[in-house]
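Visitor: Dumping the structure here so I can ask a few things about it.
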Amino acid sequence: MSRLSKALIISLLFGILGVIASVVPMGLNLEENFGLNLLFRLRGVREPPSDVVIVSLDKASTHNLNLPAEPEKWPRSFHARLTDNLAGLGADVIVFDMTFHKPDTMENDNLFAQAIRNAGNVVLCECLKKVTTPLIDKKGKHTGKLILERALPPTPVLARSALAMAPFPIPKVPVRVNQYWTFKAEAGDTPTLPVTVFQIFAFEMYDEFIRLLEKAIPSKSKKLLHDKDEIIFNRWIEENILILRDIFRENPLIGEKMIQEIQNSSSLSFDSKKKRIITSLVKIYQGPKSRYLNYYGPPGTIETIPYFQLIQHPKQSNTRLKHLDLKGKVVFVGLSERLRPEQKDGFYSVFSQSTGIDISGVEIAASAFANLLEDKPVQPLVFPVHHITVFIWGVFICILCILVPPLVAAFSVIGLSVLYLSLALYQFSNAGNWHPIVIPIFFQVCIAFFGTILWKFFHTHKERQNIKRAFEYYLPDEEVRRLAKNAKDIKTNIQTVYGTCLFTDAEQYTSLSEKMDPKELTRFMNNYYEAVFDPVSKYGGIVSDIKGDSMLSVWATEHPDTAFRSKACLAALDISSAVQQFKEKSDTFHLPTRMGMHSGYISMSNIGAINHYEYRPVGDIVNTASRIEHLNRHLGTHILVSQEVLHEIDGFLTRKLGEFIFFGKSKPVTVYELMSRIEESSERQRDLCTIFMQGLNAYYKQSWQEAIAAFYESIKIQKKDGPSSYYLHLCEKFRENPPGEMWDGLIYLENK
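Residue numbers (this note's numbering): 2 to 753.
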């Protein structure tokens with residue numbers, strides 16, 4: 002199966018997984034509690050419609066009017082005065098988001114009721130009370146219970162006076178309030194406060210609404226209440242809403258017909274506001290029983306006036322209120338904003354503040370009404386669009402992560418995620434459309450990216466196993482770590498890899514071979530190589546070649562890898578320790594070992610002809626590593642490495658020994674002495690590195706006397722320090738015969 006076919010199958014399965022994740026309860030909760038919250042936070046505050054005003058019962062009002070801290074204890078004569086003033090200012094609908102089921106004094110209740118009757122546009126809030134009814138079968142056996150919600154209306158005198166009454170239940174539990182009910186099924190499909198108020202506010206367009214409804218379904222004409230004045234006079238607001246709700250439920254398609262007629266008909270004399278209001282009415286009746294709130298901002302975003310400022314006629318109040326005009330506006334009265342007495346009416350929402358200030362019930366009711374007025378609630382994507390969006394996004398992201406390199410995939414998915422989020426935010430801000438955020442960006446993107454990284458890791462591991470099988474023609478299995486992809490043709494396989502080459506050379510081998518019997522020498526060298534090979538194998542290297550007393554080992558990867566170069570350095574240090582331990586075990590002979598390392602691109606290929614091949618590294622890197630090893634003889638050192646080996650690795654104590662141009666070469670090589678691990682370094686070694694570096698800097702500046710002094714100081718720290726002695730000789734030579742102006746500090750080696 003091709004890689005593209007595998008990617009397509011995996012991506013399709015991943016797209017399906019995303020769809021499943023988006024419909025399970027946990028996915029829905031994450032989307033609502035985190036995704037919706039993120040969209041609100043990114044959008045910020047938006048301008049609420051000017052047709053909605055809140056009158057707040059706050060601490061300032063309790064102070065200025067000398068009233069109790071509990072608003073339910075305020076004399077209703079104050080509410081009567083407020084109602085008269087609001088009506089006098091031309092308020093279109095007055096809504097009390099407060100409960101009045103407990104009576105006040107008869108005088109106060111009568112005053113309030115009279116003010117309500119005079120205004121003729123007041124809507125009062127009902128509270129809902131749960132009623133549990135036991136279920137009993139014919140035999141008298143208890144079979145369960147039925148839980149219903151029953152409306153608890155205001156006192157009779159107030160209930161008879163109000164234009165309408167409606168509940169506005171909100172879950173008062175420690176969860177974020179994201180939705181509100183338009184119709185409360187548990188209470189007999191009762192219309193809630195925002196719907197009731199909106200229907201009253203929209204009575205101006207009621208005749209046009211009824212004509213559209215009759216045109217869409219003429220058979221229901223007799224069931225309709227046609228005269229809006231009769232509805233208002235008889236206070237049939239709830240009954241009328243329930244009739245309309247039943248018609249729309251029985252005929253689900255009439256809503257679409259009406260909206261299409263509004264949009265296409267040129268005969269209707271609607272302005273844009275009327276069209277929007279009638280369209281919103283249609284959506285209320287044909288829509289679900291709950292809607293998502295499209296909040297405008299933190300508490301106080303909707304225009305709010307303190308209660309006490311409206312108790313007296315605004316003409317006698319402050320300058321701002323003297324010019325207050327409430328004509329055509331809906332006024333909600335209730336506990337509101339920051340000055341609510343002890344947060345008694347607060348609800349946790351997306352705009353709840355860190356100070357503990359939540360949004361109040363009256364602000365939620367006003368926001369719900371404003372959403373209806375603008376016809377802009379938060380609207381989740383409908384069933385097929387939501388799932389198709391998640392599926393296509395998941396498939397595309399997964400294919401991208403599989404087919405492109407990880408770094409490109411990372412930047413691509415980040416860019417695409419930002420683009421997706423920007424488009425989702427644009428739709429949310431301008432139309433209230435809620436696109437899924439959590440599942441596509443935080444689930445699908447993360448799983449696709451890190452999942453494909455893991456998949457590629459196992460795929461690469463499989464390729465390495467293929468390389469291992471190819472190398473087993475030449476090397477023991479435990480010594481093979483890095484192999485190229487194509488192992489089908491062993492003899493013609495040539496691979497370019499990034500390798501670190503380590504050369505070792507045993508001192509005194511020539512004299513040792515003269516003194517020892519060949520068999521004894523063989524056993525001795527086998528033991529020596531056992532000590533040398535072990536660190537190479539331990540740190541993932543391959544012993545490529547052995548010649549007498551020399552060994553070449555390689556750490557090869559497809560691309561530069563700091564981890565592998567670090568392992569090569571660790572192996573060199575462990576070889577030095579192993580040789581020292583080998584010396585302690587050997588009573589008579591020992592072989593001090595010099596090492597040189599260099600890194601770069603090499604070819605791993607089969608060298609030979611006819612029936613004899615050797616699998617080994619080829620290239621300038623191998624030759625240079627050998628030259629670096631030979632440099633130990635001039636400097637009196639044991640482990641030398643090039644700058645390329647040490648690039649971007651740490652954890653080792655090293656000292657720079659200068660820049661050298663080897664015999665027959667034109668490019669300089671910066672050489673370092675690898676001394677020890679950082680944690681194992683001694684203070685004397687660190688002091689030696691510091692003083693030597695001072696001397697080397699003085700050498701490059703041609704400050705010969707300063708350099709000589711520093712190198713003498715180095716020799717005091719480390720007797721017989723080879724590099725210090727080497728540079729001391731050079732500095733004394735240059736002090737007597739200074740180099741020319743073109744001198745660049747490079748050291749040219751005249752032999753191999």
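Glycine included, each C-beta is placed from N, C-alpha and C at the ideal position.
Measure the Cβ-Cβ separation of H591 and E645 and say whether it is below 8 Å.
Guide: no
Visitor: Mind checking which residues open and close the alpha helix (DSSP H) that includes D376?
Guide: Counting along the chain, D376 falls outside any alpha helix (DSSP H), and DSSP gives it neither H nor E.
Visitor: Assuming F450 contacts V396 (C-beta within less than 8 Å), just tell me the rounded distance between them.
Guide: Not quite, the Cβ-Cβ distance comes to about 14 Å (not below 8 Å), so this is no contact.
Visitor: Leaving out five residues before and five after V379 in sequence, what residues of the same chain have Cβ atoms less than 6 Å from its Cβ?
Guide: Y293, N295, G433, W435
Visitor: Please state whether DSSP places Q703 in a helix, a strand or coil.
Guide: coil
Visitor: Is the distance from the Cβ of D506 to the Cβ of R595 below 8 Å?
Guide: yes
Visitor: With burial defined as no fewer than 16 other Cβ atoms inside 10 Å of the residue's Cβ, what is the status of E364: buried or exposed?
Guide: buried
Visitor: For the beta strand (DSSP E) containing S6, name the first residue and the last one.
Guide: It is not in any beta strand (DSSP E) - S6 instead sits in the alpha helix (DSSP H) that spans 4-24.
Visitor: What residues in its chain sit with their C-beta under 7 Å from that of F101, if we drop five residues either side in the sequence?
Guide: By the criterion of a C-beta distance shorter than 7 Å, F101 is surrounded in its chain by L125, P155, T156, L159, once the five residues flanking it on both sides are discounted.
Visitor: Under 8 Å Cβ to Cβ from D376, same chain only, skipping five residues before and after it: list those, please.
Guide: R277, I278, T280, S281, K284
Visitor: Distance check for L401 and S6, CA to CA, integer angstroms please.
Guide: 13 Å
Visitor: By how many angstroms is the C-alpha of D228 removed from the C-alpha of T193?
Guide: 23 Å
Visitor: Would you give the residue range spanned by the alpha helix (DSSP H) that V53 belongs to?
Guide: Not the alpha helix (DSSP H): V53 falls in the beta strand (DSSP E), residues 53-58.
Visitor: What residue range is occupied by the uninterrupted beta strand (DSSP E) comprising T305?
Guide: 305-307
Visitor: Please classify C447: is it buried, with 16 or more other beta-carbons within 10 angstroms of its beta-carbon, or exposed?
Guide: exposed
Visitor: At 4 residues or longer, and completely inside the region 187-234: list those alpha helix (DSSP H) runs for me, N to C.
Guide: The qualifying runs are 194-202, 207-217.
Visitor: May I have the straight-line CA-CA distance separating R566 from L43, to the nearest angstrom?
Guide: 46 Å
Visitor: Since W237 sits in a beta bridge, which residues does DSSP pair it with?
Guide: In the DSSP output, where bridge partners are listed per residue, W237 has none listed.
Visitor: Can you tell me which of the three DSSP states E73 falls into?
Guide: helix
Visitor: Can you tell which of V56, D247, C399, N738 has the C-alpha that lies nearest to the C-alpha of E304?
Guide: V56
Visitor: Quick check: the region 6-24 against the region 324-339, are at least 3 beta-carbon pairs closer than 8 Å?
Guide: no
Visitor: Out of R4, M27, V46, which has the shortest C-alpha to C-alpha gap to F429?
Guide: V46
Visitor: Under a CB-based cut-off of 8 Å, is P593 close to chain B?
Guide: The question asks about chain B, but that chain is absent: this structure has only one protein chain.
Visitor: What span of residues does the beta strand (DSSP E) with V331 cover, start to end?
Guide: 331-336
Visitor: Looking at the unbroken beta strand (DSSP E) that takes in P739, where does it start and where does it end?
Guide: Per DSSP, P739 belongs to no beta strand (DSSP E) and is neither H nor E.
Visitor: Count the other CB atoms, across all protein chains shown, that sit within 10 Å of the CB of W797; report buried if there are 16 or more and exposed otherwise.
Guide: Since the first residue of the chain shown is 2 and the last is 753, residue 797 is not available in this structure.
Visitor: Is Q496 helix, strand or coil when you go by DSSP?
Guide: strand
Visitor: What three-state label does DSSP hand R47 in the structure shown?
Guide: Three-state DSSP puts R47 in coil, outside helix and strand.
Visitor: CB-CB under 6 Å to Q200, same chain, minus the five flanking residues each way: which ones, in chain order?
Guide: I242
Visitor: Would you check if the region 731-744 and the region 698-705 touch, i.e. whether three or more CB-CB distances between them fall below 8 Å?
Guide: Yes: the two stretches touch, three or more of their Cβ pairs being nearer than 8 Å.
Visitor: Pick out the complete alpha helix (DSSP H) segments inside the region 530-603, 4 residues or longer, and give them in chain order.
Guide: 563-586
Visitor: Is it buried or exposed for N633, if we count other Cβ within 10 angstroms and need 16 for buried?
Guide: Flag for N633 reads buried.
Visitor: Given D93, which residues of its chain have a CB within under 7 Å of its CB, disregarding the five upstream and five downstream residues?
Guide: N122, F202, G329, K330, V331
Visitor: Excluding sequence positions up to five away, which residues of its chain have a Cβ less than 7 Å from the Cβ of V672?
Guide: If the five residues before and after V672 are omitted, its C-beta is found closer than 7 Å to the C-beta atoms of I629, L632, L641, S643, L658, G659, F661, all from its own chain and listed in chain order.
Visitor: Taking the DSSP output, what are the residues bridged to T655?
Guide: L675
Visitor: At which residues does the alpha helix (DSSP H) containing V646 begin and terminate?
Guide: Note, V646: alpha helix (DSSP H), 644-647.
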